[in-house]
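Numbering (my numbering), first residue to last: 91 to 235.
Just so you know, even glycine gets a beta-carbon here, dropped at the ideal spot from N, CA and C.
So the structure is just underneath, and the comments pick up after that.
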Amino acid sequence: MLQIKLLYELLLCKFLQMLKKGTKLYSILTGSCPKCHEESMYLDKNPYHLGNLYKMHETCSHCNTTYKIEPSFFYGAMYVSYALSIAFGVAFFVISRLFLQTTLLTSFITIAVDLIVCTPLIARLSRNIYINMFIHFDKNWKQNL
């Protein structure tokens, strides 16, 4: 029992280290600038304010990183969005079928409703993942200004 508790604490510690500033996961989950992690890329942090879902700052006010690397840059995020939608759908299916013991029809209805509800979140996450593929954290960004 003690070994399980120690393993749990070790895994939790490792997971929390992955969420610190300076990691890709921090930038992806918070929507912060991928280069300095100081400012949100979005004008409105809430993805469920649908009118402002895609409205972003042009540049970071701290490190001057331009978010639109080229025209139509975020079209590539559609591929990431597709992968995230599949992952969410499979997760919802497994939860509804295996854990909640629902029928197949109920599972598919659950998937559809959950994906509709999660669409703004998936859209933001896919943009965050996509931009983090091209812009990397720079701990010395203040010196490079």
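Residue i beta carbon near the ligand GDP (any heavy atom closer than 6 Å)
i	result
residue 227	Because no ligand of any kind appears in the structure shown, any question about the ligand GDP cannot be addressed here.
Buried versus exposed call for residue i [16 or more other C-beta atoms within 10 Å across all chains shown]
i	result
residue 170	buried
residue 138	exposed
residue 186	buried
residue 181	exposed
residue 150	buried
Whole-angstrom C-beta distance between residue j and residue i, which should lie under 8 Å
i	j	result
residue 225	residue 125	5 Å
residue 118	residue 211	In fact, because the Cβ distance is near 12 Å, the residues do not count as touching under 8 Å.
residue 183	residue 197	6 Å
residue 115	residue 108	5 Å
Selection from the options that minimises the alpha carbon distance to residue i
i	options	result
residue 220	104, 168, 146 and 138	168
residue 173	129, 193, 99 and 205	205
residue 164	222, 135, 233 and 110	222
residue 217	194, 231, 120 and 151	120
residue 146	195, 123 and 127	123
residue 227	105, 103, 111 and 104	111
residue 231	190, 154 and 141	154
Backbone CA spacing between residue i and residue j [nearest angstrom]
i	j	result
residue 144	residue 132	8 Å
residue 202	residue 208	10 Å
residue 213	residue 94	37 Å
residue 105	residue 113	11 Å
residue 161	residue 140	22 Å
residue 176	residue 136	23 Å
residue 142	residue 229	30 Å
residue 189	residue 166	35 Å
residue 134	residue 194	38 Å
residue 130	residue 233	21 Å
Contacts around residue i, its chain only, beta-carbon distance under 6 Å, and the 5 residues preceding and following it disregarded
i	result
residue 128	152
Sequence-distant residues of its chain with Cβ nearer than 8 Å to residue i (five each side left out)
i	result
residue 192	186 and 200
residue 100	none
residue 148	156, 157 and 158
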